[in-house]
Amino acid sequence: MRIELATEPGDPARPNEDYASVALPASGQGGSLVLLDGVTPPEGSVGCLHSVPWFTARLGGALGELSVSRRDMTLPEVLAGAIARTAEAHGSTCDLSHPRTPQATVVLVRWDAERVEHLVLSDSALLVAGVGGGVTAVLDRRLAELPPAARALRDQVRALPRGSAEREVAGRAYGAAVEALRNAENGFFTAAADPSAALRAITGELPRADVTAVAALTDGASRWVETFREGDWPECFALLRKEGPQHLLDRVRELEHADPDRLAFPRGKRHDDAAVVYVEL
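The numbering of the sequence shown is our numbering, which starts it at 3 and goes up by one.
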């Protein structure tokens, strides 16, 4: 079995909010992959005493443990249990009802001799390679495909001069529109403090014999495809298979540095935390 993992902070002066792990139980009966992208909070109070890395470490640890120790639980049940366990760890000290309580995107994969299960919540990506060489991207598109009114506000922001007062005002309006869609009907969902968010995840299952490898990428790494358009998902997977996750992250950083003002390739952050996990089964 080949397992490779790489992660880098978007800003070396700040903690990396991504989380990645692979668990291989001593029983040898399969394993699991966990990838989280912690959501950077805005300036100001978010009702919680804890950092996003604190949250992703606990949620990720619970996901890894439950996914391999409780094979009687479905992956949505595993995620719901991990969210509940993490909420219990700080519910007595923090306002978990705050819309910006610590939260994260989720990719969770579990395999054994018979099957490969997967779960994706929000905008991290999962790539699944089949025995015939085909690659399927499992994506939760709800954040990318915002309602028309929100997309119009985003386009308005991008059309205004960077650094202008008008762009700043429009940016606040766009941000408020997106926040109103967070963990809301007809919006998009992340793993925060409400276990029911697990029911909103994209899930599926394939026969183990039909899967040769999987790769999970936070959106800081999937920029290679989605922002910089260096290639499509199968080409991204081929690069990971040949060169490994660190090579992909290095290339993303090169592309970011080549467009420091984000003019050629508009994006929310100049550099973002990035993580990739690649597993050949």
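Where is the CB? At the ideal position from N, CA and C, for every residue including glycine.
Closest residue to residue i among the options (Cα-Cα distance)
{"i": "Asn188", "options": "Leu241, Leu208, Arg144, Arg243", "result": "Arg144"}
{"i": "His92", "options": "Met75, Leu123, Leu51, Val111", "result": "Leu51"}
{"i": "Arg72", "options": "Arg169, Leu37, Trp113, Asp275", "result": "Trp113"}
{"i": "Ala179", "options": "Asp157, Glu232, Ala115", "result": "Asp157"}
{"i": "Thr42", "options": "Asp274, Tyr280, Val281, Leu283", "result": "Asp274"}
{"i": "Pro287", "options": "Pro197, Gly62, Val281, His259", "result": "There is no way to answer for residue 287, as the model of the chain reaches only from 3 to 283."}
{"i": "Gln31", "options": "Ala139, Ser69, Ser99", "result": "Ser69"}
{"i": "Glu245", "options": "Val278, Leu283, Glu168", "result": "Val278"}
{"i": "Ala106", "options": "Gly49, Ser53, Leu251, Thr138", "result": "Ser53"}
Three-state secondary structure (DSSP) of residue i
{"i": "Arg16", "result": "coil"}
{"i": "Pro236", "result": "helix"}
{"i": "Glu67", "result": "helix"}
{"i": "Leu141", "result": "coil"}
{"i": "Arg4", "result": "strand"}
{"i": "Leu265", "result": "coil"}
{"i": "Val180", "result": "helix"}
{"i": "Pro247", "result": "helix"}
{"i": "Ala203", "result": "coil"}
{"i": "Ala22", "result": "strand"}
{"i": "Val133", "result": "coil"}
{"i": "Ala194", "result": "coil"}
{"i": "Glu10", "result": "strand"}
{"i": "Ala86", "result": "helix"}
{"i": "Thr58", "result": "helix"}
{"i": "Pro78", "result": "helix"}
{"i": "Ala186", "result": "coil"}
Cα-Cα separation, residue i to residue j
{"i": "Arg202", "j": "Asp125", "result": "13 Å"}
{"i": "Thr88", "j": "Arg264", "result": "36 Å"}
{"i": "Ala59", "j": "Arg225", "result": "24 Å"}
{"i": "Cys96", "j": "Thr229", "result": "36 Å"}
{"i": "Pro236", "j": "Asp221", "result": "16 Å"}
{"i": "Glu67", "j": "Leu110", "result": "12 Å"}
{"i": "Pro17", "j": "Glu119", "result": "31 Å"}
{"i": "Arg253", "j": "Arg164", "result": "26 Å"}
{"i": "Leu242", "j": "Asp234", "result": "12 Å"}
The beta strand (DSSP E) enclosing residue i, as first and last residue numbers
{"i": "Thr95", "result": "No beta strand (DSSP E) holds Thr95; DSSP gives it neither H nor E."}
{"i": "His120", "result": "117-123"}
{"i": "Ala277", "result": "276-282"}
{"i": "Ala154", "result": "That residue, Ala154, is in no beta strand (DSSP E); its alpha helix (DSSP H) goes 150-161."}
{"i": "Arg231", "result": "Here Arg231 belongs to no beta strand (DSSP E), and DSSP marks it neither H nor E."}
{"i": "Ala217", "result": "213-219"}
{"i": "Ala106", "result": "106-113"}
Element boundaries [alpha helix (DSSP H), containing residue i]
{"i": "Leu37", "result": "Careful: Leu37 lies outside any alpha helix (DSSP H), inside the beta strand (DSSP E) at 33-40."}
With three or more beta-carbon pairs closer than 8 Å as the criterion, would you say the segment 145-159 touches the segment 173-184? As far as the Cβ criterion goes, the segment 145-159 touches the segment 173-184, which means the pair count is three or higher.
Should the segment 69-86 be regarded as contacting the segment 6-15, the criterion being three or more beta carbon pairs within less than 8 Å? Remark: fewer than three beta-carbon pairs, one from each stretch, lie closer than 8 Å, so the segment 69-86 and the segment 6-15 are not flagged as touching.
Say whether the segment 210-226 touches the segment 117-137, bearing in mind that this needs 3 or more beta-carbon pairs closer than 8 Å, one atom from each stretch. Proximity of the segment 210-226 to the segment 117-137 meets the contact definition, three or more beta-carbon pairs being nearer than 8 Å.
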